[in-house]
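*Asks:* In my numbering, the protein residues as written are 390 to 819.
Note that the Cβ used here is the ideal one computed from N, Cα and C, for glycine as well.
From a predicted model like this one, the values you see are computed outputs, not experimental measurements.
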């Protein structure tokens, strides 16, 4: 029997701003061929090249610059139609329920694998062959081999959860300038989109789940009593008769992100001041809504449960010099304010932002505190506390706080939101 391998699975980050598509040609060589669950690379996620670290996923393709370190791939789990057991594949290449998918450095040519080679080209494909029976697909990012051993049985959809973690501490190197405007040859220039990287903790993980807005059902397209599905046919992943072997994976962020910009509003110092740390913590006497540490993510809808640790989250920061608002004498670390919009020169547009991935949370007044630590030269560091205005840090959103530092207080000047989406918040004075 001739074996035909087909890669036609689409992965898309719903929050993406662009949409290009590349497909691998599929050969249909007859009803008796084995048909593999495959991937069409029209991905909407990017991890590596547009992130200053390998941790945060953003952009429009899952890419990487270092195959060994920055390419975790996707995990795909396939259950039976009733979700009370695992799917039984056809053949001996991939016999388990947990399938590892890997793409090339450009986010294309996705294949199922069992081991990574030295490079993508050295990595052998191990197809997951479907039968005429109906299965349901669940997926997550980044791939974790331990899931094969920890998620061994399924009796209902509620069992499909994987462990997730929010790290409570770590160091961010803010050497790279990700501000929207930068000083170049005596004038302000716009930063290229490719350089608008997230500055975050390299070890933290950005967890994605398959939302399945277009359905989860798959089979080999050869169900009894139905015409065989051809490569030209669109999948019917909402249908349970003969859905076919293609599936679109619309991947969404299960976590929220918070980002902080800090600048000198002109009254802090005439010297360089460094932003050295931020801390997010529960307000004393509050209800301890903010959580870190371990939890579980549902592969059905991304809901996070089983979080119990209320330890504060802190990030030490290096190489972050505050931009200073001045009346005259602009330069690398000094600016004259010309407007409040994203096209103008102001604290929002000329300041770097540093970020942390957090569990989604809804909080009211006097529930969550923020502490910003600043240091001038050899002087002792100064901690500026702020109690945040009630907000809802939702999954798939990045909440950006811009803070203006003065001699006596830190002020939130702006807070915003977009889907990994930058949500500009009102500016906060310090």
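By the DSSP assignment, the alpha helix (DSSP H) with residue 737 in it spans what residues?
*Replies:* Where residue 737 is concerned, the enclosing alpha helix (DSSP H) stretches over 736 to 739.
*Asks:* Pairs of beta-carbons, one from the stretch 583 to 600 and one from the stretch 634 to 646, closer than 8 Å: are there three or more?
*Replies:* Short answer: they touch.
*Asks:* Give me the Cα-Cα distance between residue 516 and residue 622, rounded to the nearest whole angstrom.
*Replies:* Distance between the alpha carbons of residue 516 and residue 622: 21 Å.
*Asks:* Which partner residues of residue 516 appear in the DSSP bridge assignment?
*Replies:* Paired residue(s): none; residue 516 is not in a bridge.
*Asks:* Use the C-beta contact count for residue 568: other C-beta atoms within 10 angstroms, 16 or more gives buried, fewer gives exposed.
*Replies:* Under this definition residue 568 is a buried residue.
*Asks:* Taking DSSP's pairing of strands, which residues face residue 644 in a bridge?
*Replies:* Beta-bridge pairing links residue 644 to no other residue.
*Asks:* Is it buried or exposed, residue 624, if we count other Cβ atoms within 10 angstroms and call 16 or more buried?
*Replies:* Under this definition residue 624 is a buried residue.
*Asks:* Is residue 584 helix, strand or coil by DSSP?
*Replies:* Note: residue 584 maps to helix in three-state DSSP.
*Asks:* Starting from residue 792, follow its DSSP beta bridges and name the residues at the other end.
*Replies:* Per DSSP, 651 and 817.
*Asks:* Where do the ends of the alpha helix (DSSP H) carrying residue 538 lie?
*Replies:* Start and end: 536 to 539.
*Asks:* At 3 residues or longer, and completely inside the stretch 686 to 741: list those beta strand (DSSP E) runs for me, N to C.
*Replies:* Within the stretch 686 to 741, the complete beta strand (DSSP E) runs of at least 3 residues are 702 to 707 and 712 to 714.
*Asks:* Expressed to the nearest angstrom, what Euclidean distance is found between the alpha-carbon atoms of residue 412 and residue 735?
*Replies:* Reliability of the predicted coordinates at residue 412 is poor, the pLDDT of 34 falling under 50, and the value obtained from them is presented with this limitation in mind. So the alpha carbons of these two residues sit roughly 43 Å apart.
*Asks:* Measuring CB atoms only, is the stretch 672 to 683 touching the stretch 754 to 762, in the sense that at least three cross pairs come out at less than 8 Å?
*Replies:* Output reads yes: the stretch 754 to 762 touches the stretch 672 to 683.
*Asks:* In three-state terms, what does DSSP make of residue 458?
*Replies:* Residue 458 falls in the helix class under three-state DSSP.
*Asks:* So, at 7 Å on beta carbons, what are the nonlocal neighbours of residue 796 in its own chain, with the 5 sequence-adjacent residues on each side left out?
*Replies:* Taken in chain order, the residues that qualify are 656 and 657.
*Asks:* Measuring straight from C-alpha to C-alpha, what distance separates residue 668 and residue 485?
*Replies:* Cα to Cα, the separation comes out at about 43 Å.
*Asks:* Drop a sphere of 10 angstroms on the beta-carbon of residue 681, count the other beta-carbons inside from all chains shown, and report buried for 16 or more, exposed for fewer.
*Replies:* Answer is buried; the Cβ neighbour count reaches 16.
*Asks:* Comparing C-alpha positions only, which one of 722, 813 and 426 sits nearest to residue 729?
*Replies:* Cα-wise, what sits closest to residue 729 is 813.
*Asks:* Can the beta-carbon of residue 606 be found closer than 9 Å to that of residue 637?
*Replies:* Not a contact, by the Cβ cut-off of 9 Å.
*Asks:* With distances taken Cα to Cα, identify the nearest neighbour of residue 816 among 617, 648, 677 and 612.
*Replies:* Nearest option by C-alpha distance: 648.
*Asks:* I'd like to confirm the pairing. Which residues does DSSP put opposite residue 757 in its beta bridges?
*Replies:* Answer is 671, bridged to residue 757.
*Asks:* Less than 9 Å between the beta carbons of residue 521 and residue 612, yes or no?
*Replies:* Against a cut-off of 9 Å, the Cβ pair of residue 612 and residue 521 comes out as a contact.
*Asks:* Assuming residue 590 contacts residue 704 (C-beta within less than 8 Å), just tell me the rounded distance between them.
*Replies:* Sure, about 6 Å apart at Cβ, within 8 Å.
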